[in-house]
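Heads up: the structure comes next, in structure tokens.
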Amino acid sequence: MSRMLTNLTNLTPEDAEETIQSVNSFFSTLNLQKILTIVLLFVGCMVVMKVVLKLIDRAFVRLEMEKSLHTFIHAALRVILWLMTLCIVLDYMGVPMTSLVALLGVIGLAVSLAIQGTLSNLAGGIQVLLSKPFKAGDYVEAGGVSGTVKEVGLAYTKLATVDNKVISVPNGQISAEKIINYTTAERRRVDLVFGVSYDAQPEQVIACIKGVVGAHPMALFTPEPFVRLSAFQDSSIEYTVRVWCATGDYWALYYDLLEQVKAAFDREGIEIPYNHLNVHVIQDEKA
């Protein structure tokens, strides 16, 4: 940045005058040969541009690059090649390249400062598209939002929440935070904790929960379901339950176990207590 600002301060009126004189001198001596040379230079640059872009496109297809990233790089490379073509033609016309490059650099700096937030999102989008932490259809938690990925763009990623809202999350925010992908693995583990009365026998509670888990068709038994007493609380004993299932069955199994374990506890007479406080009133002996 400091170098570009230095180049800007070095652009004196003499440089501008020299540039104008060079252009005037070129046009004053313009003839058929120079016109043909400019046309050939331009056509040659166009041919090279098309060949380079075609080779790049083929390479991206072989690498199976995301379409949005492919489009962005293709467009950016096309702009760069057009600028190079412009510099080649202007250099032939006698325009000083140092002044032109400095001017283009300052313009680029001004534009980058004006769209700094957008550039941050673009950089984040490129990072997301290259690292591929998720794809369309995955259920993820990213940028503080949970939902199903609808579209991965360069600046924003669209997530559809469970209540059918589509949220566009800036890729700069996504790339700067942790990303949790719940769909990548084929299996997920359902973790539940049940609080049961101290009056219930642990063997009875564990057998009751295992009976519910064993009867559920979505529960997997490799690894083996885990049901153990895990903590003593003020008003209850906690039992931890861990059951594996297919990723697509996670929420169905989660809610089924909550409902079915409660129904099984009611049948077995196992109480699920609520927090309570015992108050003892001490009478005054003098009274």
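Heads up: the sequence shown is residues 10 to 296, going by this note's numbering.
Glycine is no exception: its CB is placed at the ideal position from the N, C-alpha and C atoms.
Distance, residue j Cα to residue i Cα
i      : j      : result
Leu17  : Cys54  : Confidence in Leu17 is poor, its pLDDT being 44 and thus under 50, which makes the residue's placement unreliable; the coordinate value appears in the next sentence. Answer to the nearest angstrom: the Cα atoms are 29 angstroms apart.
Ala209 : Thr192 : 38 angstroms
Met10  : Cys96  : Here the model assigns Met10 a pLDDT of 46, short of 50, so the residue's position is not dependable and the matter cannot be decided.
Gln42  : Val48  : 10 angstroms
Leu266 : Ile215 : 14 angstroms
Asn190 : Gly146 : 11 angstroms
Ile291 : Ile246 : 30 angstroms
Leu86  : Pro232 : 51 angstroms
Val61  : Ala255 : 46 angstroms
Gly278 : Ala194 : 38 angstroms
Met227 : Val202 : 19 angstroms
Leu131 : Phe143 : 17 angstroms
Phe81  : Lys187 : 25 angstroms
Leu99  : Lys59  : 21 angstroms
Asp258 : Lys141 : 24 angstroms
Ile89  : Phe230 : 58 angstroms
Ile44  : Val52  : 12 angstroms
Leu14  : Trp260 : Interpretation of Leu14 is limited by its pLDDT of 44, a score under 50 that renders its predicted location unreliable; no figure is taken from the coordinates.
Cβ of residue i within 7 angstroms of any chain C Cβ
i     : result
Met93 : Here there is only one protein chain, and chain C is not present.
Where residue i falls: helix, strand or coil (DSSP)
i      : result
Lys271 : helix
Phe51  : helix
Phe230 : coil
Glu247 : strand
Ser177 : strand
Tyr148 : strand
Val137 : helix
Ile279 : coil
Val98  : helix
Val252 : strand
Val88  : helix
Asp172 : coil
Lys289 : It is His, not Lys, that sits at residue 289 in the sequence shown. Coil, per DSSP.
Unbroken alpha helix (DSSP H) run spanning residue i, endpoints
i      : result
Leu238 : Run containing Leu238: none in the alpha helix (DSSP H); it sits in the beta strand (DSSP E), 235 to 241.
Leu72  : Taken as a continuous stretch (DSSP letters only), Leu72 belongs to no alpha helix (DSSP H), as it is neither H nor E.
Anticipated Cβ contact below 8 angstroms, residue i with residue j, distance rounded
i      : j      : result
Leu138 : Gly156 : About 19 angstroms; that fails the 8 angstroms criterion.
Val270 : Ile218 : 6 angstroms
Ala151 : Val175 : Not a contact, Cβ separation roughly 14 angstroms.
Ala273 : Gly204 : The Cβ separation is near 15 angstroms, so there is no contact.
Arg198 : Val252 : 7 angstroms
Ser184 : Gln242 : Wrong, their Cβ atoms sit about 41 angstroms apart, outside the cutoff.
Ser244 : Asn284 : 5 angstroms
Asn180 : Gly133 : 4 angstroms
Leu163 : Tyr101 : That belief does not hold up - the Cβ atoms of Leu163 and Tyr101 are roughly 36 angstroms apart, past 8 angstroms.
Glu280 : Ser206 : 4 angstroms
For residue i, the first and last residue of its enclosing beta strand (DSSP E)
i      : result
Glu160 : 154 to 161
Ser167 : The sequence shown places Lys at residue 167, rather than the Ser named in the question. Counting along the chain, the beta strand (DSSP E) containing Lys167 begins and ends at 165 to 169.
Considering only residues of the segment 184 to 228, which uninterrupted alpha helix (DSSP H) runs meet the minimum length of 4 residues and lie entirely inside it, listed in chain order?
211 to 224
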